[in-house]
Amino acid sequence: MYYVTSEQLITEFRNNFNQAVEKYKDSIIIVEGTVSAIDYPKDGFFLDECIMCLGGTGYDSKKRLGDSVDCKMKNRESKTYIDAKITIKGEFEKANLLLNELYVALKNCEIKKRR
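Those letters in the sequence shown? Residues 0 to 114, per numbering that gives the first Met the number 0, in order.
Now the structure itself:
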């Protein structure tokens, strides 16, 4: 189990992507960060789910651009969490670097603490 901030996690993947993937695969991660955005499913099949995005430094929440930690929540969460600092526990799912934007995805997430 690993305890990190969203910024530390993003920096680790930015500095050595392959090594970070190996380190975190099959791991539980407890990550602390500020909620930048919450995405809800549009297809209607998984209405109890959502993705809470912990944006990194320089993340543009309106355009959804920049590095982020995307947490696939077990339960639908309220938009009142936006801009709140929270701690989330989840399982590492994958990481990707697209058009120089890094995202780290966690699955089966739940909120551990809100500050």
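Even glycine gets a Cβ: it sits at the ideal position worked out from N, Cα and C.
Counting only the Cα atoms, residue 49 lies some 25 Å from residue 10. Sequence-distant Cβ neighbours of residue 107 in its own chain, meaning closer than 8 Å and more than five residues away, are 71, 73, 89, 90.
Straight-line spacing of the CA atoms in residue 94 and residue 57 works out to 19 Å. Scanning the region 50-104 for uninterrupted beta strand (DSSP E) segments of 3 residues or longer gives 67-72, 84-97, listed from N- to C-terminal end.
For residue 86 and residue 15, the gap between their C-alpha atoms comes out near 24 Å.
Residue pairing from DSSP leaves residue 11 without any beta-bridge partner. Between residue 35 and residue 5, the CB-CB gap reaches or exceeds 7 Å.
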